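Throughout, the numbering used here is defined as the position within the sequence shown, counted from one, plus 4.
Glycine residues also receive a C-beta, built at the ideal position from the N, C-alpha and C atoms.
Remember, predicted model here, so these are calculated numbers, not experimental data.
Report on one structure; see the data block that follows.
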Amino acid sequence: MTRFRYRSVPPAGAADIGEIDATDERAAVAQLQAVGHYPLDIRPADDTPSATASIPAQSAQPLAVHDAALAMRQLATLVEAGVPLDAALGLTAELGAHIALVDLVQRLRRHVHGGIALSTAFAHEGHPFGPLAGAMVRAGEASGRLGEALGRAALGLERSRDLGTALRNALVYPAVLMAVAAAAILLLIGFVIPRFQIMFRDMADRLPWGTRAVMAIADGLAAYGPFVALVLLVAVALLRWHVGRPGGRLTWHGVILRLPVLGDLMLKRDIERFTRALAGLAGAGVALPEAVELARATLANEAMRAATAELAVDIRRGVGPAEALARCGRFPPAVIGLVTVGQETGRLSLMLDQAAELYRREVEALSARLMTLLTPVLTIGLGVAIAAIILALLLPILGLYETIL
């Protein structure tokens, strides 16, 4: 007999970790299944490094959107294959990559066991699914297309995560570059320039204007640095307070949309979000006015939310989707044209999907173009600033050297 360390999931409960005696791994699996457990990992007990490694370190962390989307896709595949929902949830729990995901699926399964609809269970869990997933699943339950609805919800989560990740990754290098350059400038002003001021004490009248300007900035920061920092902190706090208010947030977000490049990027990002969510909801069978209200919740910009506030009302009054979008004044002709085609051909969900893909590519291209321009501009600008400070310090020394010669 060999002792095995296992990680398994009971029929209704969180993951269980323990040890069991069996002739081999297959016999250990059979013993666990005989008592209603779903084995997740079984290894010899003396294989301690692997046994401890079988529980990933991230299991204690909150569930990521990627993991939730993966679980929904696995569940969609099983449901579309004809597996009963309860069994599909059990199999999805078996496939869980870590304990947080297993716990989530088991909670969903317990809800379903208690007679609660899967859509209600998704809504009860909230993060990381959000209201869209629950609405899509509810429509799938009503139409008998639950597997398709789960697949659409998973796709929406994946696309939203991928585009957000791409935008964040594009900003990493410029942010690091600015932080390093700011640290270098502060180091020069705070520690290097004061050393040179001692050397230039007797040359005050003969110093070049650039050197005097750098010295004056260093003196000003040394004397008023804490006060300047306090003023900046208060200004940032006031701005955050103003933006936190509904009216202030609306004004600020409207200003952002009017910025030359960034505003265009934010507008297209919101259009992609809205059309993607609306396509998924409409395709899952959600009534169009309700789908519009749910899709509005994905908009990050308050000015866009305000512009689409009457969209669902117009549609309930009998206004066509394309005309209602045109009345908002924020959607470009490309989107309105695609929606018009979908409205006339009865393929609205497909056309909205195409609009979302179009603007996903535009957002990716625009963000790449922005980073292509921003990186050299920042590099050159910060390099010139640092070089100007160093040159201002070297000019008096070079002048003194020429005088001596």
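I'd like the list of long-range same chain contacts for residue i, defined as Cβ closer than 7 Å, with 5 residues on each side in sequence excluded.
i      : result
ALA307 : LEU254, HIS257, GLY258, LEU261
GLY333 : ALA311
ALA295 : LEU282, LEU285, ALA286
ALA301 : PRO135
Can you tell which of the options has its C-alpha closest to the C-alpha of residue i?
i      : options                        : result
MET425 : GLY403, ILE394, LEU399, GLY387 : Residue 425 is absent from the structure shown; the chain starts at 5 and stops at 409.
ALA326 : GLU314, VAL339, ARG172         : VAL339
SER371 : ALA158, ALA170, LEU399         : ALA170
ARG205 : VAL87, MET219, GLY324          : MET219
THR81  : ALA328, LEU154, ARG165         : LEU154
GLY287 : GLY151, ALA185, GLY341         : GLY151
ILE193 : VAL176, ARG172, GLY224         : GLY224
ARG277 : VAL265, LEU112, ARG111, ASN305 : ASN305
GLY284 : ALA359, TYR228, PRO230         : ALA359
MET76  : VAL109, ILE103, PRO48, ALA49   : VAL109
PRO293 : ARG309, THR279, LEU315, THR379 : LEU315
LEU190 : ALA34, ALA222, VAL247, ARG114  : ALA222
TYR363 : ASP268, ARG331, PHE133         : ASP268
GLY214 : VAL184, ARG365, LEU395, ARG249 : LEU395
Can you give me the C-alpha to C-alpha distance between residue i and residue j, rounded to a whole angstrom?
i      : j      : result
ALA72  : GLY252 : 34 Å
ALA146 : MET140 : 10 Å
GLY100 : VAL106 : 5 Å
LEU329 : LEU342 : 11 Å
VAL238 : ARG244 : 10 Å
VAL265 : VAL323 : 33 Å
ILE390 : ALA158 : 48 Å
Kindly give me the distance between the Cβ atoms of residue i and residue j, rounded to whole angstroms, as I take these residues to be in contact under 8 Å.
i      : j      : result
GLU29  : ARG7   : Going by Cβ atoms, the distance from GLU29 to ARG7 rounds to 12 Å, so no, they are not a contact pair.
LEU136 : LEU298 : 6 Å
Report yes or no: is there a C-beta of chain B within less than 8 Å of the C-beta of residue i?
i      : result
ALA222 : The structure shown contains no chain B; it is built from a single protein chain.
What would DSSP say about residue i, mapped onto helix, strand or coil?
i      : result
ASP25  : strand
PRO264 : coil
ILE394 : helix
ALA55  : Note that ALA55 scores a pLDDT of 34, beneath 50, so its modelled location is shaky and nothing firm can be said.
ALA64  : Below a pLDDT of 50, predicted positions are generally treated as unreliable, and ALA64, at 41, falls in that range; no measurement from the model is reported.
THR6   : strand
ARG47  : strand
ASN173 : helix
PHE335 : coil
THR302 : coil
ILE401 : helix
LEU225 : helix
ILE120 : coil
LEU374 : helix
PHE200 : helix
THR312 : coil
Whose C-beta lies closer than 8 Å to the C-beta of residue i among residues of the same chain, with five residues either side of it excluded?
i      : result
VAL116 : LEU89, ASP90, LEU93, LEU122, ALA125
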